[in-house]
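What follows is a set of notes on a single structure, which appears directly below.
Number of protein chains: 2
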Amino acid sequence: MPCYRLTLAYDGTDFAGWQAQSAASGARTVQGVLEQALSRLAGGERVVVVGAGRTDAGVHALGQVASFRLEREMAAGALARALNGLLPPDLRVRDAAPAPAGFDARRSALSKLYRYELDTGPVRLPQRRRVAGHVPWRLDEAGVAEAAALFLGRRDFAATASSGGSATSTVRTITRSEAVFSDGPGAGRVLTYEVEASGFLRKMVRSLVGGLVAVGRGQRTVADLRRALEAGDRRLWPPPAEAHGLTLVRVDYEPQVLA
Amino acid sequence: MPCYRLTLAYDGTDFAGWQAQSAASGARTVQGVLEQALSRLAGGERVVVVGAGRTDAGVHALGQVASFRLEREMAAGALARALNGLLPPDLRVRDAAPAPAGFDARRSALSKLYRYELDTGPVRLPQRRRVAGHVPWRLDEAGVAEAAALFLGRRDFAATASSGGSATSTVRTITRSEAVFSDGPGAGRVLTYEVEASGFLRKMVRSLVGGLVAVGRGQRTVADLRRALEAGDRRLWPPPAEAHGLTLVRVDYEPQVLA
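As they're listed, the protein sequences go chains A and B. Residue numbers for the first sequence, in my numbering: 1 to 259. Residue numbers for the second sequence, in my numbering: 1001 to 1259.
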């Protein structure tokens, strides 16, 4: 059965996350909407899609990667066009390509890059409310940058994981953790945080941003966060940032997997 | 009667424009929603709000200015907080201030700055679909910049006005007209066009952007646009750009009017 890889962008606002739920739940998920469209294209065949990142409700994607197999071969360009004709405007196929047998968007992934946008300032701007988090405080920018640097490297991130996760190990290696501030469209500064790792625990990125905010507003020191990580204790970690500031930007694979 | 000035931000997507319509129309307008909230705050008093720019359906604001009078005086800070408690999340008061008697947000305005964001690239990104226009073409960036410069200065802009306008003169003076390209969140470049003038004709900014796009994709030359302006003929002008890429960024007043 021919295997395919899709690169997807979505506005996560009106999706109950990536992962398909039971039909009885009635939840609109990215995986569910995509599988329905693919099944329709494939003449009713049941198609199962694997996503590289199981994004939560409200989380967006610019470069989510999905894999699936079809019984009959289709030209990738025609597949992308036909899918975009069937999909709603909040879910788009940016690219479609044939993939080698056994390609699995999740298991084959080398690393994922997430971006979090956080607006600061007295008022939440309406045109940013779906794509950026918001806090009304002025943040200590040097402190936030120092906290971001703390997360780099191989560490046990148990303190930042949500309790519902099923990971057997909570050790992860973060290869990029950068907090950059810029002037926003409103009166406040905008924090853009980019974090890359081979894998993340459940709600981990939002917890990391929660940690940055707590340092930025002086509720925690970088040393407090280090101690919480070392203790592996969720109760010591500040609350996570809102889902809708988060975007899955890119998923990387070995070049030969994309051949 | 004490006079007030509000600075407003809104996501125009779910509004039928600025201007209040008859109650029978059922249209949700920025002016209508704001007047209702003010009337409620003022204990049922009928409040009439004047907006600096009568933005069309789908057009956003970061710095729309509105003026109104109340029978009784209220502290401006308390007014802003109370209004934001009553207004929906797609309409926010960024600032409230007392204004001198006779202040009229529209008539007292010296100039308005509009910004248009246009994404290019093969696929319209879902998270940009409410705040940016989109064309699938690669644009000639030097040509677009040259066309933007053509619009500068005092000219008759009749060719760019929609037929429904009620302006007695179609001469306007553009003091800023800048097209800047940057890398976007997707594969394509993003055109950001900023235009400032003491006043604009109806749908004029979207028409100007339509002109830029036509030059950028090679359908018109800058000389064609100049001739269309000189002829004052709407039929010679390319179609306007989509409403939802447009934002009213700022309205400027004489300092003494804001005292």
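C-beta atoms are modelled at their ideal positions from N, C-alpha and C, and glycine is treated no differently.
> Distance, Cα to Cα, residue 1007 of chain B vs residue 101 of chain A?
Replying inline: Counting from 1 along the second sequence, the entry for residue 1007 of chain B is found at position 7. Counting from 1 along the first sequence, the entry for residue 101 of chain A is found at position 101. Near 58 Å, if we compare the C-alpha coordinates of residue 101 of chain A and residue 1007 of chain B.
> Thinking C-alpha only, which one of A/86, A/9 and A/27 is nearest residue 40 of chain A?
Replying inline: To locate residue 40 of chain A, count along the first sequence from 1; it is residue 40. Checked all of A/86, A/9 and A/27; the closest Cα to residue 40 of chain A is A/86.
> In the structure shown, what three-state DSSP assignment does residue 1065 of chain B receive?
Replying inline: If you number the second sequence from 1, residue 1065 of chain B lands on position 65. Residue state, collapsed to three classes: strand.
>> Let me see if you follow: with CB-CB separation under 7 Å, is residue 4 of chain A close to chain B or not?
In response: Translated into the one-based positions of the first sequence, residue 4 of chain A becomes position 4. Taking Cβ atoms only, chain B never reaches closer than 7 Å to residue 4 of chain A, which makes this a no.
>> Residues in the same chain with beta-carbon distance under 7 Å from residue 218 of chain A, minus the five sequence neighbours each way, listed in chain order, please.
In response: As a working note, residue 218 of chain A is residue 218 in the first sequence. Closer than 7 Å at Cβ, skipping near neighbours: 140.
> What number of angstroms, rounded off, separates the C-alpha of residue 1228 of chain B from the C-alpha of residue 1240 of chain B?
Replying inline: Residue numbering aside, residue 1228 of chain B sits at position 228 when the second sequence is read from its first letter. Residue numbering aside, residue 1240 of chain B sits at position 240 when the second sequence is read from its first letter. Going from the Cα of residue 1228 of chain B to the Cα of residue 1240 of chain B covers about 14 Å.
> Enumerated in chain order, which unbroken segments of the beta strand (DSSP E) with a length of 3 residues or greater are wholly contained in the stretch 1042–1121 of chain B?
Replying inline: 1060–1069, 1091–1099 and 1111–1120
>> Output needed in chain order: residues of the stretch 201–216 of chain A with a Cβ under 7 Å from some Cβ in chain B.
In response: none
>> If I measure Cβ to Cβ from residue 180 of chain A and keep anything under 6 Å in the same chain, skipping five residues before and after, which residues do I get?
In response: Taking the first residue of the first sequence as position 1, residue 180 of chain A is located at position 180. Around residue 180 of chain A: 192.
> By Cβ distance below 6 Å, which residues in the same chain neighbour residue 1082 of chain B in space, the five residues on each side in sequence not counted?
Replying inline: If you number the second sequence from 1, residue 1082 of chain B lands on position 82. So the qualifying residues of the chain are 1041.
>> Just list the residues that DSSP pairs residue 1009 of chain B with in beta bridges.
In response: What you label residue 1009 of chain B is simply residue 9 of the second sequence in a count that begins at 1. Paired residues: B/1092.
> Name the chain B residues whose beta carbon is nearer than 7 Å to that of residue 136 of chain A?
Replying inline: Residue numbering aside, residue 136 of chain A sits at position 136 when the first sequence is read from its first letter. What residue 136 of chain A touches in chain B: nothing, since even the nearest Cβ is about 12 Å away.
> Does DSSP put residue 183 of chain A in a helix, in a strand, or in coil?
Replying inline: In the first sequence, counting from the first residue as 1, residue 183 of chain A sits at position 183. Residue 183 of chain A falls in the strand class under three-state DSSP.
>> Bridge partners for residue 246 of chain A per DSSP, in chain order?
In response: Counting from 1 along the first sequence, the entry for residue 246 of chain A is found at position 246. Answer is A/116, bridged to residue 246 of chain A.
>> Need the endpoints of the alpha helix (DSSP H) that residue 224 of chain A sits in, please.
In response: In the first sequence, counting from the first residue as 1, residue 224 of chain A sits at position 224. Where residue 224 of chain A is concerned, the enclosing alpha helix (DSSP H) stretches over 222–231.
> Who are the near neighbours of residue 253 of chain A in its chain, counting only those whose CB is closer than 7 Å to its CB and skipping five residues on each side?
Replying inline: To locate residue 253 of chain A, count along the first sequence from 1; it is residue 253. Excluding positions up to five away in sequence, the list reads 108, 109 and 110.
> Going by DSSP, what residues sit across from residue 1191 of chain B in a beta bridge?
Replying inline: The sequence position of residue 1191 of chain B within the second sequence is 191, counting from 1. Per DSSP, B/1118 and B/1181.
> Taking any Cβ of chain A, which residues in the stretch 1106–1138 of chain B have a Cβ under 8 Å from it, in chain order?
Replying inline: 1122, 1123, 1124, 1125, 1126, 1127, 1129, 1130 and 1131
> Is any beta-carbon of chain B found at less than 7 Å from that of residue 94 of chain A?
Replying inline: The residue labelled residue 94 of chain A in the question sits at position 94 within the first sequence. So yes, residue 94 of chain A belongs to the interface.
> Which residues share a DSSP beta bridge with residue 1211 of chain B?
Replying inline: Taking the first residue of the second sequence as position 1, residue 1211 of chain B is located at position 211. DSSP, once it has assigned bridges, lists no residue as partnering residue 1211 of chain B.
>> Check whether chain B comes within 7 Å of residue 57 of chain A, counting only Cβ atoms and requiring the distance to be less than that.
In response: Working through the first sequence from its first residue, we reach residue 57 of chain A at position 57. Answer no: the Cβ-Cβ gap between residue 57 of chain A and chain B never drops below 7 Å.
> With 7 Å set as the bound, which would you pick, yes or no: does the beta-carbon of residue 98 of chain A sit closer than that to a beta-carbon of chain B?
Replying inline: In the first sequence, the residue the question calls residue 98 of chain A occupies position 98. No, because no Cβ of chain B sits closer than 7 Å to the Cβ of residue 98 of chain A.
> Using DSSP with H/G/I as helix, E/B as strand and the rest coil, what is residue 1144 of chain B?
Replying inline: Numbered from 1 along the second sequence, position 144 holds the residue referred to as residue 1144 of chain B. It is helical.
>> Judging by CA-CA distance, which residue of A/129, A/3, A/157 and A/184 is the nearest neighbour of residue 73 of chain A?
In response: Here residue 73 of chain A refers to the residue found at position 73 when the first sequence is read from its first residue. Of the listed residues, the one whose Cα sits closest to residue 73 of chain A is A/3.
> On the three-pair Cβ rule with 8 Å, is the stretch 1043–1052 of chain B touching the stretch 1116–1134 of chain B?
Replying inline: no
> Are at least three pairs of beta-carbons, each pair with one atom in the stretch 1015–1022 of chain B and one in the stretch 242–251 of chain A, less than 8 Å apart?
Replying inline: no
> Under three-state DSSP, which class holds residue 160 of chain A?
Replying inline: If you number the first sequence from 1, residue 160 of chain A lands on position 160. Three-state result, residue 160 of chain A: helix.
> Under 7 Å Cβ-Cβ, which residues of chain A neighbour residue 1079 of chain B?
Replying inline: As a position in the second sequence, residue 1079 of chain B is number 79, starting the count at 1. Correct list: empty, because the minimum Cβ distance to chain A is about 14 Å.
>> Is it buried or exposed, residue 204 of chain A, if we count other Cβ atoms within 10 angstroms and call 16 or more buried?
In response: By 1-based counting over the first sequence, the position of residue 204 of chain A is 204. It is buried - the Cβ of residue 204 of chain A has at least 16 other Cβ atoms within 10 Å.
> Between the stretch 1061–1080 of chain B and the stretch 1139–1157 of chain B, do at least 3 Cβ pairs fall closer than 8 Å?
Replying inline: no
> To the nearest angstrom, how far is it from the Cα of residue 123 of chain A to the Cα of residue 1088 of chain B?
Replying inline: Locating residue 123 of chain A in the first sequence gives position 123, counting from the first residue. Locating residue 1088 of chain B in the second sequence gives position 88, counting from the first residue. Distance between the alpha carbons of residue 123 of chain A and residue 1088 of chain B is about 13 Å.
>> Below 8 Å on C-beta distance, what does residue 1062 of chain B contact in chain A?
In response: Translated into the one-based positions of the second sequence, residue 1062 of chain B becomes position 62. Simply 125, 127, 185 and 186.
> Using a C-beta to C-beta distance shorter than 8 Å, which residues of chain A count as neighbours of residue 1009 of chain B?
Replying inline: For the purposes of this step, residue 1009 of chain B is taken as residue 9 along the second sequence, with counting starting at 1. Those are 123, 125, 126, 127 and 186, listed as they occur along chain A.
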